[in-house]
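One structure is given here, and the rest of the page talks about it.
Protein chains in written order, with the numbering used here: chain A, 5 to 132; chain B, 5 to 132.
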């Protein structure tokens with residue numbers, strides 16, 4: 005038995021011009037930038053999408069070739085969630101630190117990440 | 005004076021295998037499929053991301069070359085919103101029916117769409 009939820013909409017911005025990209029999305033969506041105190045790779049937008057327990061919008065500096073929007077699924081059991089998603093047709097592309105990059109049958113990359121927000125498991129689905 | 009909000013996370017699925025893509029995202033995120041009664045191009049997932057007023061997850065059949073995840077911004081004044089976003093550095097890529105495809109300075113395509121959900125303007129930002 006484990007739980008998971010859509011936790012993050014990640015906008016990958018090219019590092020060559022990431023400040024401009026971050027500023028654009030902040031102003032376009034009307035949310036303040038919340039820089040990560042631990043480094044410059046990530047910056048989030050203040051507040052939850054939709055409300056309590058909803059996802060956040062996170063921007064990540066990446067090399068230009070990777071630019072995309074992708075979804076993160078947060079779970080209290082990464083391996084169980086990866087196994088569940090593999091049975092649905094997704095495949096593992098990479099394991100980076102504590103998260104797993106997967107590719108959906110639709111061709112979209114997404115990440116499975118361990119619990120990292122204090123309100124988990126709000127809005128999470130429990131899987132048998 | 006107009007308002008806008010992040011209304012939709014759109015997952016573009018290749019039409020060659022869209023049923024499988026739709027089914028995957030439904031089961032991965034634990035939300036039922038809600039087929040569009042007006043056609044087969046769009047299928048949404050039941051419920052709002054985060055709660056009342058939050059975005060929906062919508063899946064769209066597209067040609068393989070277009071596959072991506074993109075964001076829709078819903079507004080009660082499309083032209084005013086496009087002008088606001090152009091001043092922030094976005095540019096218009098195409099006008100399709102009643103919505104405008106734009107590209108952010110970060111290189112990400114997104115759409116500006118007219119009000120299409122009855123709870124607008126919940127969670128929308130008012131722009132001077």
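The beta-carbon is built from N, C-alpha and C at its ideal position, and this holds for glycine as well.
- request: Could you pull out every residue in the same chain whose Cβ sits closer than 7 Å to the Cβ of residue 97/B, ignoring the five residues on either side in sequence?
  value: Within the second chain, the letter at position 93 stands for residue 97/B. Answer for residue 97/B: 105, 106, 107 and 113, listed in chain order.
message: Strictly below 9 Å CB to CB, what residues from chain B border residue 129/A?
response: Residue mapping note: residue 129/A aligns to position 125 of the first chain, counting from 1. Chain B residues near residue 129/A: 33, 34 and 35.
query: What are the residues of the stretch 47-68 of chain A that lie near chain B, defined by any Cβ-Cβ distance shorter than 9 Å?
result: 52, 53, 54, 55, 56, 57, 58, 59, 61, 63 and 68
Best match in 13/B, 20/B, 24/B and 7/B for proximity to residue 91/A [C-alpha to C-alpha]: Along the first chain, read from residue 1 onward, the residue named residue 91/A stands at position 87. The residue with the shortest Cα to Cα distance from residue 91/A is 24/B.
task: State yes or no: is the C-beta of residue 14/A within less than 7 Å of the C-beta of residue 62/A?
output: To locate residue 14/A, count along the first chain from 1; it is residue 10. To locate residue 62/A, count along the first chain from 1; it is residue 58. Taking 7 Å as the Cβ cut-off, residue 14/A and residue 62/A qualify as a contacting pair.
field: Cα-Cα separation, residue 20/B to residue 132/B
entry: Counted from its first residue, the second chain places residue 20/B at position 16. Counted from its first residue, the second chain places residue 132/B at position 128. Cα to Cα, the separation comes out at about 44 Å.
query: How is the alpha helix (DSSP H) around residue 82/A delimited, first residue to last?
result: Mapped onto the first chain, residue 82/A falls at position 78. Residues 82-91.
- prompt: Among 94/B, 64/B, 125/B and 78/B, which one has its Cα closest to the Cα of residue 28/A?
  reply: Counting from one through the first chain, the residue named residue 28/A turns up at place 24. Nearest of 94/B, 64/B, 125/B and 78/B to residue 28/A, Cα basis: 94/B.
query: So, is the C-beta of residue 73/A closer than 7 Å to a C-beta in chain B?
result: On the first chain, residue 73/A is found 69 positions in, with the first residue counted as 1. Closer than 7 Å: yes.
- request: Report the option in 44/A, 45/A and 26/A whose CA atom is closest to the CA atom of residue 37/A.
  value: As a position in the first chain, residue 37/A is number 33, starting the count at 1. Selected option, being the one with the closest Cα: 26/A.
query: Would the stretch 56-75 of chain B and the stretch 116-128 of chain B be scored as touching if the rule is three or more Cβ pairs under 8 Å?
result: yes
query: How would you write the range of the beta strand (DSSP E) that residue 35/B sits in, first residue to last?
result: Sequence index remark: in the second chain, residue 35/B carries index 31 (1-based). It is not in any beta strand (DSSP E) - residue 35/B carries neither H nor E in the DSSP assignment.
task: Would you mind reading off the limits of the beta strand (DSSP E) that contains residue 122/B?
output: Translated into positions along the second chain, residue 122/B becomes position 118. Looking at the DSSP string, residue 122/B is not in any beta strand (DSSP E), and its letter there is neither H nor E.
- request: State the Cα-Cα distance for the pair residue 67/A and residue 110/B, rounded to the nearest angstrom.
  value: For this step, residue 67/A is matched to residue 63 along the first chain. For this step, residue 110/B is matched to residue 106 along the second chain. Distance between the alpha carbons of residue 67/A and residue 110/B is about 12 Å.
message: Tell me the residue span of the beta strand (DSSP E) that contains residue 65/A.
response: Position 61 of the first chain, counted from the first residue, corresponds to residue 65/A. 60-66 is the extent of the beta strand (DSSP E) around residue 65/A.
query: Taking the C-alpha atoms as reference points, what is the distance between residue 79/B and residue 87/A?
result: For the purposes of this step, residue 79/B is taken as the residue at position 75 of the second chain. For the purposes of this step, residue 87/A is taken as the residue at position 83 of the first chain. Whole-angstrom Cα-Cα distance: 40 Å.
task: Return the residue from the list 103/A, 50/A, 84/A and 51/A that minimises the CA-CA distance to residue 75/A.
output: Here the question's residue 75/A lines up with position 71 in the first chain. Ranking the options by Cα distance to residue 75/A, first place goes to 103/A.
Chain A contact for residue 17/B (CB, 7 Å cutoff): Looking up residue 17/B in the second chain gives position 13. By this cut-off, residue 17/B is an interface position.
query: With distances taken from CA atoms, which of 65/A, 50/A and 30/A is nearest residue 43/A?
result: On the first chain, residue 43/A is found 39 positions in, with the first residue counted as 1. Closest by alpha carbon: 65/A.
task: Could you please tell me which residues of the stretch 92-120 of chain B, in chain order, have their CB closer than 9 Å to any CB of chain A?
output: 92, 93, 94, 108, 109, 110, 111, 112 and 114
message: Based on DSSP bridge pairs, tell me the residues matched to residue 131/A.
response: Start at 1 with the first residue of the first chain, and residue 131/A comes out as number 127. Paired residues: 6/A.
- request: Give a yes or no on whether the minimum CB-CB distance between residue 28/B and chain A is below 7 Å.
  value: As a working mapping, residue 28/B is identified with position 24 in the second chain. Closer than 7 Å to some Cβ of chain A, the Cβ of residue 28/B qualifies, so yes.
query: Any idea if residue 52/A is buried or exposed, counting beta-carbon neighbours within 10 angstroms, 16 or more meaning buried?
result: Translated into positions along the first chain, residue 52/A becomes position 48. By the 10 Å Cβ count, residue 52/A comes out buried.
Residue burial classification, residue 16/A (beta-carbon count within 10 angstroms, cutoff 16): Taking the first residue of the first chain as position 1, residue 16/A is located at position 12. The residue in question, residue 16/A, is buried, as its Cβ has 16 or more Cβ neighbours within 10 Å.
query: Under a three-way DSSP split, which group does residue 40/A fall into?
result: Taking the first residue of the first chain as 1, we reach residue 40/A at position 36. DSSP places residue 40/A in coil when its eight states are reduced to three.
query: For residue 7/B, which residues from the same chain have a beta carbon less than 6 Å from its beta carbon, with the 5 sequence-adjacent residues on both sides left out?
result: Indexing the second chain from 1 puts residue 7/B at position 3. 80, 125, 128 and 130.
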